[in-house]
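Here the structure is laid out as structure tokens; the discussion comes afterwards.
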Amino acid sequence: MNWKGVFPAVTTKFHADGSLDMDLFFKNLDFQMESGVHGIILGGTLGESSVLSQEEKITLTRETVNYINGKVPVILNIAEGATQDALFWAKKAEELGASGLMILPPMRYGADAREVVTYFKTVANSTKLPMMIYNNPVDYKTLVTLDMFAELADCPTIQAVKESTRDISNVTRMINRFGDRFQILCGVDTLAMEELLMGAVGWVAGLVCAFPKETVTIYDLIQGGEYEKAREIYRWFLPLLELDIHPKLVQYIKLAEQHCGIGSEHVRAPRLTLIGEERERIEGIITEGLAKRPKL
Numbered sequence: 069m070n071w072k073g074v075f076p077a078v079t080t081k082f083h084a085d086g087s088l089d090m091d092l093f094f095k096n097l098d099f100q101m102e103s104g105v106h107g108i109i110l111g112g113t114l115g116e117s118s119v120l121s122q123e124e125k126i127t128l129t130r131e132t133v134n135y136i137n138g139k140v141p142v143i144l145n146i147a148e149g150a151t152q153d154a155l156f157w158a159k160k161a162e163e164l165g166a167s168g169l170m171i172l173p174p175m176r177y178g179a180d181a182r183e184v185v186t187y188f189k190t191v192a193n194s195t196k197l198p199m200m201i202y203n204n205p206v207d208y209k210t211l212v213t214l215d216m217f218a219e220l221a222d223c224p225t226i227q228a229v230k231e232s233t234r235d236i237s238n239v240t241r242m243i244n245r246f247g248d249r250f251q252i253l254c255g256v257d258t259l260a261m262e263e264l265l266m267g268a269v270g271w272v273a274g275l276v277c278a279f280p281k282e283t284v285t286i287y288d289l290i291q292g293g294e295y296e297k298a299r300e301i302y303r304w305f306l307p308l309l310e311l312d313i314h315p316k317l318v319q320y321i322k323l324a325e326q327h328c329g330i331g332s333e334h335v336r337a338p339r340l341t342l343i344g345e346e347r348e349r350i351e352g353i354i355t356e357g358l359a360k361r362p363k364l
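Going by this note's numbering, the sequence shown opens with residue 69, and the numbers climb by one from there.
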């Protein structure tokens with residue numbers, strides 16, 4: 069598994085009646101692929117996984133794997149409260165042909181360090197699929213510490229970390245302690261350039277759903293050492309990237325996809341589409357970004 073590059077955490081597309089809109093989903097996938105992304109992540113927060121049925125998740129995974137047909141890896145996110153449910157999805161992902169897993173600590177229950185490590189190890193040892201630990205204590209209240217990663221280092225399937233602690237220096241801490249044992253991918257859009265410069269090898273991105281060309285271009289420029297060109301695009305991008313660090317990131321990013329013609333704002337309850345002043349404000353950010361969009 070090559071964890072280097074841009075990995076969109078894609079949104080799930082719905083019709084107005086709430087059913088899956090696979091045609092629009094594939095349209096967005098086409099745009100991601102044409103823009104040069106390096107992998108696709110299904111079932112994350114942006115994918116509204118918590119409101120998808122088991123059968124819908126299976127359908128989404130199977131259809132995505134078949135549609136992409138090996139061009140890039142397809143990663144399935146696991147965010148479960150029970151270890152047995154996480155094991156189910158690890159097995160199902162393997163059966164459906166996914167290339168890897170992204171996994172959060174146990175949901176809803178505030179597990180301690182021993183419980184979190186045991187949870188990760190149990191899932192990792194149940195599958196041949198490579199796995200990325202999602203470390204996001206800000207949103208999910210569980211910090212995967214360096215000492216916990218040290219306990220996980222003997223699991224060969226645990227290969228990467230989605231670094232979302234919001235602490236850029238954690239990239240350096242991980243590298244200082246573990247070298248290249250864990251591949252580090254930035255999971256916070258507003259810190260992506262900074263973390264890539266400090267040694268992260270990938271970007272699990274959100275606004276890429278609406279702006280894949282710009283996201284991939286920033287990554288490529290950094291890899292090529294063209295930092296000033298990357299900074300110029302990143303500075304334009306930042307007001308849009310800030311839509312990724314809000315509780316309504318799903319609504320915000322889906323509205324951006326709609327404005328870009330590669331998605332719709334339809335969300336599934338309890339989420340509701342934006343109205344009033346909030347909608348005007350977010351649309352203002354999006355339309356200003358589109359008006360000033362750089363030529364690549």
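By construction, the Cβ of each residue, glycine as well, lies at the ideal position given by its N, Cα and C atoms. All figures in this text were calculated on a predicted structure; none of them were measured in a lab.
Check for me: the alpha helix (DSSP H) holding residue i runs from which residue to which?
| i | result |
| --- | --- |
| P205 | 205-208 |
| G344 | 344-359 |
| V335 | Neither: V335 is in no alpha helix (DSSP H) and is coded neither H nor E. |
| A324 | 317-327 |
| R241 | 237-246 |
| Y187 | 181-192 |
| T151 | 151-164 |
| E219 | 214-220 |
Checking the sheet assignment: what are the DSSP bridge partners for residue i?
| i | result |
| --- | --- |
| I171 | I146, I201 |
| F82 | L88 |
| P76 | A273 |
| I252 | V229 |
For the beta strand (DSSP E) containing residue i, name the first residue and the last one.
| i | result |
| --- | --- |
| L110 | 108-110 |
| K230 | 226-231 |
Could you give the C-beta distance for residue i and residue j, rounded to a whole number, given that I count them as a contact under 8 Å?
| i | j | result |
| --- | --- | --- |
| C254 | L264 | 6 Å |
| S232 | V256 | 5 Å |
| T341 | Q319 | 6 Å |
| L259 | R234 | 7 Å |
| V335 | E116 | 7 Å |
| L169 | Y208 | About 16 Å; that fails the 8 Å criterion. |
| L311 | L317 | 6 Å |
| V105 | P280 | 6 Å |
| L155 | S194 | 5 Å |
| A166 | V133 | 6 Å |
| K302 | M242 | It should be pointed out that residue 302 corresponds to Tyr in this sequence rather than to Lys. 23 Å between Cβ atoms; not a contact. |
| T151 | E325 | About 34 Å separates the two Cβ atoms, so there is no contact after all. |
| L88 | I321 | With a Cβ gap of about 18 Å, L88 and I321 do not count as contacting. |
Verify the contact flag: residue i, CB atom, against every heavy atom of the ligand NAP, threshold strictly below 8 Å.
| i | result |
| --- | --- |
| D215 | Of ligands this structure carries none, so the ligand NAP is not represented either. |
Exercise. Can you list the alpha helix (DSSP H) stretches of 4 or more residues lying completely in the region 99-139, in chain order?
Worked result: Listed in chain order, they are 122-136.
Exercise. Counting pairs of Cβ atoms below 8 Å between the region 95-111 and the region 174-192, do you hit three or more?
Worked result: At 8 Å Cβ cutoff, the stretches do not touch.
Exercise. Are the region 301-316 and the region 129-136 in contact at 8 Å, needing three or more beta carbon pairs?
Worked result: No, the region 301-316 is not in contact with the region 129-136.
For this session: May I have a chain-ordered list of the beta strand (DSSP E) segments no shorter than 3 residues that lie completely inside the region 255-305?
Result: 270-273
For this session: Count the CB pairs spanning the region 292-301 and the region 324-338 that are closer than 8 Å, and state whether there are at least three.
Result: The answer is no - the region 324-338 does not touch the region 292-301, with fewer than three Cβ pairs under 8 Å.
Problem set entry | Three or more C-beta pairs below 8 Å linking the region 134-144 and the region 340-357 | no
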